[in-house]
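*Asks:*
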Amino acid sequence: MSEKAFVTTPIYYVNDVPHIGHAYTTIIADTMARYYRLKGYDTFFLTGTDEHGQKIEEAALSRGRTPQEYADEISGKFKELWDEFEISYDKFIRTTDIEHKVGVQKAFKTMFDSGDIYKGEYEGHYCVSCETFFTDTQLIDENLCPDCGKETRIVKEESYFFKLSNYQEKLLKWYSDDEKCVLPKGKKSEVISFVKHGLRDLSITRTSFDWGVKLPSDMNDDKHVMYVWLDALLNYITALGYGNDEKNMKYWPASVQLVGKDILRFHAIYWPAFLMSLGLPLPKHVAAHGWWTRNGEKMSKSKGNVVNPKEVADAYGLENFRYFMLREVPFGQDGDFSQKALVDRINSDLSNELGNLLNRIIGMSGKYSDFSISSKNVLDYHKKELASVMEHIKISETNLNDLQTNRYLEELWRALTIANQSITIYEPWVKMKNNNKDFAFATVAMVANILARVSILLHPVMPKTTQKIASAMNFDINYESYRRFIEDGELLDDFIIQKVPPLFPKIEAELLLTPAPSIKKLETKKEEKKQEDSLITIDQFFETKLKIATVMEAQEVPKSKKLLKLQVDLGEGKPRQIVAGIKEYYTPESLVNTQICVVANLKPAKIMGLVSEGMLLAAKDSEGLSLMRPEKQKQNGSSVG
Ligand code: MSP
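If you're matching positions, the sequence shown starts at 9 in my numbering and goes up one per residue.
(1) Do you know offhand how far E38's Cα is from S96's?
(2) Looking at the structure shown, is W219 part of a helix, part of a strand, or coil, going by DSSP?
(3) Please report how far the alpha carbon of K1 lies from the alpha carbon of E561, in whole angstroms.
(4) Smallest Cα separation from L350: which of V337, L362, I148?
(5) Using the rule of at least 16 other Cβ atoms within 10 Å of the residue's Cβ for burial, across every protein chain shown, is V619 buried or exposed?
(6) Would you decide whether I162 is buried or exposed? Buried here means 16 or more other CB atoms lie within 10 Å of its CB.
(7) Let me know the secondary structure DSSP gives L89 once reduced to three states.
(8) Is the beta carbon of V236 closer than 8 Å to that of E139?
(9) Can you tell me which of the three DSSP states R491 falls into?
(10) Looking at C-alpha atoms only, which residue of Y324, L362, G298, S308 is the closest neighbour of G343?
(11) Let me check understanding here. Comparing Cα to Cα, which of N174, D229, N482 lies closest to R208?
(12) Could you tell me if the beta carbon of W219 falls within a distance shorter than 7 Å of some heavy atom in the ligand MSP?
(13) Just mark G61 as buried or exposed, buried being the case when its beta carbon has 16 or more other beta carbons within 10 Å.
(14) For the candidate residues G128, T425, I125, G157, whose alpha-carbon lies nearest to that of Y134?
(15) Could you give the distance in angstroms between the alpha-carbon of K127 and the alpha-carbon of G206?
(16) Taking only heavy atoms of the ligand MSP into account, decide whether any of them is closer than 7 Å to the Cβ of W300.
(17) Please identify the residue among G649, A321, T595, A423 whose C-alpha is closest to the C-alpha of A31.
(18) To the nearest angstrom, how far is it from the Cα of F332 to the Cα of V587?
(19) Residues in the same chain with beta-carbon distance under 8 Å from E564, minus the five sequence neighbours each way, listed in chain order, please.
(20) For Q641, which three-state DSSP category applies?
(21) Select from T558, S404, G325, A115 the residue whose C-alpha is nearest the C-alpha of S598.
(22) Using a Cβ-Cβ cut-off of 7 Å (strictly less than) and excluding sequence neighbours within five positions of A281, which residues of its own chain qualify?
(23) According to DSSP, is L283 helix, strand or coil?
(24) Just verifying my parser: in three-state terms, what is the DSSP assignment at H133?
(25) Return yes when the C-beta of N609 is under 7 Å from any heavy atom of the ligand MSP, and no when it is not.
(26) Straight-line CA distance for L197 to T34?
(27) Taking the beta carbon of D121 as the centre, do at least 16 other beta carbons fall within 10 Å, making it buried, or is it exposed?
(28) Checking 8 Å against the spacing of the C-beta atoms, do V452 and S373 come in under that value?
(29) Can you tell me which of the three DSSP states Q575 falls into?
(30) Is the closest heavy atom of the ligand MSP to the C-beta of I212 under 7 Å?
(31) Where do the ends of the alpha helix (DSSP H) carrying K441 lie?
(32) Which runs of the alpha helix (DSSP H), 4 residues or longer, sit entirely within the region 305-371?
(33) With distance defined between alpha-carbon atoms, name the residue in I28, T16, N23 nearest to T51.
(34) What does a CB cutoff of less than 7 Å around K231 pick up in its chain, not counting 5 residues either side in sequence?
(35) Cβ-heavy atom distance between A276 and the ligand MSP below 7 Å?
(36) Using C-beta distances below 8 Å, list every residue in its chain close to L152, excluding the 5 sequence neighbours before and after it, in chain order.
Now the structure itself:
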């Protein structure tokens with residue numbers, strides 16, 4: 009039976025379209041999955057989207073969409089990009105998938121039955137943007153999130169807790185028993201020191217909103233939904249059928265779980281604790297990469313400095329971009345995205361050192377032997393070079409297994425340097441003139457063998473380009489060639505080399521407008537457009553149906569500082585419910601039997617779990633808020649306009 013491999017990316021939040029950071033995680037994971045397949049492992053590669061939680065609910069509502077509609081759209085964008093990028097995933101999971109929800113409920117019940125979950129009350133700070141709870145001492149300036157700097161909210165609600173505190177010692181033991189369970193080393197030390205400071209039990213349900221997985225029905229507590237991180241982390245096993253058809257659970261434990269450094273704590277502390285509670289084995293490697301920045305700054309929509317991976321891949325070539333991302337930054341460290349660095353990598357590493365080597369082999373063999381290449385004398389003349397190439401190949405694989413992607417590629421390039429230097433040192437053209445043809449042929453063949461080995465190991469990063477190189481040399485890249493030329497160190501069969509058009513044409517200038525001017529241009533255009541767009545036609549105005557209504561009932565929304573729940577009569581025969589943020593300005597009693605003005609054709613939306621079927625009109629200034637009302641009593645349902 010062949011060895012198994014399971015590779016995962018984090019599942020991406022659907023509050024944002026994919027950017028270069030998401031592409032980075034996915035490309036590393038894809039490289040690992042392709043590497044395992046190359047080695048003949050039975051491989052399963054998982055990616056997907058994280059669709060529940062307050063952040064997504066709020067993002068959807070602010071756009072007038074239901075969370076499900078909004079999640080469908082953004083999840084589709086991730087899938088589309090990964091398909092365009094030929095990401096070789098075996099499953100794309102969505103946390104709104106029914107099988108996932110069933111699996112999460114089963115896990116919750118199992119953890120509850122094993123005594124790891126209890127009911128209590130949570131009171132503390134919550135950052136919606138990071139979907140994370142914080143203690144007072146963790147906050148910056150008393151209420152700012154230590155991770156993203158945004159304001160936290162005070163949450164006080166009934167909650168189920170996971171006994172994370174019980175797992176402190178077990179986690180520390182895991183870190184010390186398994187040297188490579190968290191990679192790279194530096195990040196592992198940070199995790200250990202965090203755990204050593206003590207772990208508090210984790211609030212794992214919420215009651216103040218309902219866009220999430222409900223508790224198992226036999227727990228009879230349906231006001232709770234699961235905390236989004238519990239729901240999300242469990243995707244790694246529900247995707248394999250946990251709680252449903254479990255045949256793919258044979259892939260668990262994961263070989264590599266790729267994450268960004270910002271979410272390492274969830275994956276290296278909470279996740280293994282949940283797994284221990286479920287009685288499941290722990291992942292072999294949780295590997296955390298650093299962040300991509302732009303001119304040293306964090307990328308964000310508001311700064312307008314986000315790099316679009318599709319634009320970069322379209323301009324420079326998808327595989328060149330993959331190579332660049334993996335080669336440019338030491339794994340675990342942050343890297344700054346620069347087109348200049350990308351152009352340099354393409355021109356120097358790819359064009360000069362890799363592409364040119366193939367051209368030199370084609371050129372020399374064409375001149376000396378009518379394009380035929382034979383390995384028969386290689387070991388007589390070049391044993392030493394080949395041995396040293398095999399050393400680099402070995403180190404390269406070790407580095408890749410440790411997720412040191414840049415070092416893995418550096419080692420392959422060291423092997424290419426041996427090939428390129430051998431041509432300069434042994435001068436086959438001089439040997440040809442001096443009638444030492446065997447030596448010249450052996451040098452050309454040795455160089456071809458080096459290129460073949462490098463191409464096989466580079467295949468996971470540049471699948472199409474390396475296959476082109478291999479086809480020119482009359483072999484395919486697959487498990488068979490990996491076994492023969494990498495594991496067993498065999499030499500290539502005799503072959504006739506095919507001419508190929510240049511693989512990496514040199515790039516003279518940066519191909520994308522530099523973000524600064526292009527963003528500026530875009531901003532100016534947006535501004536001009538905004539001014540044009542700010543004028544509307546009368547028809548556009550009447551698209552909004554404004555109507556007079558009478559407030560029949562008004563109540564406070566429990567646990568909300570701002571919201572009131574109103575039943576209003578719009579002359580429609582039955583009242584409508586409107587949830588409005590006016591509690592700070594009006595008491596419920598003062599509203600009953602007064603008239604208000606309502607936007608009547610707004611799509612219904614859920615606010616704190618309550619359906620709202622319209623919006624009130626009000627004016628707000630520094631002195632407060634007042635509702636817009638008709639000067640004289642009007643019939644309910646009369647149009648305003
Ligand atoms: N939904 C959670 C993960 C749940 S996994 C059970 C989440 N999603 S995310 O969309 O915000 O981030 C997903 C990944 O993208 C993370 O690994 C994060 O580190 C990575 N990146 C987001 N921005 C990034 C950069 N600018 N640079 C590199 N990667 C970054 O967190």
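Note that beta-carbon positions come from the ideal geometry of N, C-alpha and C, so glycine has one too.
*Replies:* The structure says:
(1) To locate residue 38, count along the sequence shown from 1; it is residue 30. To locate residue 96, count along the sequence shown from 1; it is residue 88. The residue you asked about is not Glu; residue 38 is Asp in the sequence shown. For D38 and S96, the distance between alpha carbons rounds to 6 Å.
(2) In the sequence shown, residue 219 corresponds to position 211, counting from 1. Of the three classes helix, strand and coil, the one that applies to W219 here is coil, per DSSP.
(3) Nothing about residue 1 can be reported from this structure: the residues present for the chain run from 9 to 649 only.
(4) In the sequence shown, counting from the first residue as 1, residue 350 sits at position 342. With distances taken between Cα atoms, L350 lies closest to V337.
(5) Translated into the one-based positions of the sequence shown, residue 619 becomes position 611. Classification for V619: exposed.
(6) Locating residue 162 in the sequence shown gives position 154, counting from the first residue. Exposed, since its Cβ has fewer than 16 Cβ neighbours within 10 Å.
(7) Position 81 of the sequence shown, counted from the first residue, corresponds to residue 89. In this structure, L89 counts as helix in the three-state DSSP scheme.
(8) Here residue 139 refers to the residue found at position 131 of the sequence shown. Here residue 236 refers to the residue found at position 228 of the sequence shown. Cβ atoms of E139 and V236: closer than 8 Å.
(9) Numbered from its first residue, the sequence shown carries residue 491 at position 483. Note: R491 maps to helix in three-state DSSP.
(10) Here the question's residue 343 lines up with position 335 in the sequence shown. Out of Y324, L362, G298, S308, G298 has the C-alpha closest to the C-alpha of G343.
(11) By 1-based counting over the sequence shown, the position of residue 208 is 200. When only C-alpha atoms are compared, the closest one is N174.
(12) Stepping through the sequence shown from its first residue, residue 219 is reached at position 211. No, the beta carbon of W219 sits no closer than 7 Å to any heavy atom of the ligand MSP.
(13) Locating residue 61 in the sequence shown gives position 53, counting from the first residue. Label assigned to G61: buried.
(14) For this step, residue 134 is matched to residue 126 along the sequence shown. Here the closest residue by C-alpha is G157.
(15) Stepping through the sequence shown from its first residue, residue 127 is reached at position 119. Stepping through the sequence shown from its first residue, residue 206 is reached at position 198. Answer to the nearest angstrom: the Cα atoms are 21 Å apart.
(16) For the purposes of this step, residue 300 is taken as the residue at position 292 of the sequence shown. The answer is yes for W300.
(17) Counting from 1 along the sequence shown, the entry for residue 31 is found at position 23. Nearest option by C-alpha distance: A321.
(18) Position 324 of the sequence shown, counted from the start, is the residue given in the question as residue 332. Position 579 of the sequence shown, counted from the start, is the residue given in the question as residue 587. Straight-line Cα distance between these residues: approximately 51 Å.
(19) Working through the sequence shown from its first residue, we reach residue 564 at position 556. So the qualifying residues of the chain are L571, L572, K573, K591, P596.
(20) The count along the sequence shown starts at 1 and reaches residue 641 at position 633. If DSSP states are grouped into helix, strand and coil, Q641 belongs with coil.
(21) Residue mapping note: residue 598 aligns to position 590 of the sequence shown, counting from 1. Nearest Cα to S598 within the set T558, S404, G325, A115: T558.
(22) Numbered from its first residue, the sequence shown carries residue 281 at position 273. Answer for A281: L172, Y175, L179, listed in chain order.
(23) Sequence index remark: in the sequence shown, residue 283 carries index 275 (1-based). Looking at L283 - three-state DSSP - the assignment turns out to be helix.
(24) In the sequence shown, the residue the question calls residue 133 occupies position 125. Strand, per DSSP.
(25) As a first step, residue 609 must be located in the sequence shown, where it is residue number 601. Answer for N609: no, Cβ out of range of the ligand MSP.
(26) The residue given as residue 197 occupies position 189 in the sequence shown. The residue given as residue 34 occupies position 26 in the sequence shown. The sequence shown places Ser at residue 197, rather than the Leu named in the question. Going from the Cα of S197 to the Cα of T34 covers about 25 Å.
(27) In the sequence shown, residue 121 corresponds to position 113, counting from 1. Classified as exposed, D121 has fewer than 16 neighbouring CB atoms from the shown chains inside 10 Å of its CB.
(28) Looking up residue 452 in the sequence shown gives position 444. Looking up residue 373 in the sequence shown gives position 365. Closer than 8 Å, so yes.
(29) Sequence index remark: in the sequence shown, residue 575 carries index 567 (1-based). Strand at Q575.
(30) Locating residue 212 in the sequence shown gives position 204, where the first residue counts as 1. The answer is no for I212.
(31) Taking the sequence shown and counting its residues from 1, one reaches residue 441 at position 433. Start and end: 436-441.
(32) 317-324, 326-336, 347-352
(33) Along the sequence shown, one-based indexing puts residue 51 at 43. Ranking I28, T16, N23 by Cα distance to T51 puts T16 first.
(34) For the purposes of this step, residue 231 is taken as residue 223 along the sequence shown, with counting starting at 1. The residues are T215.
(35) The residue labelled residue 276 in the question sits at position 268 within the sequence shown. No, the beta carbon of A276 sits no closer than 7 Å to any heavy atom of the ligand MSP.
(36) Numbered from its first residue, the sequence shown carries residue 152 at position 144. For L152, where only same-chain residues beyond five positions count, the Cβ hits under 8 Å are K158, E159, T160.
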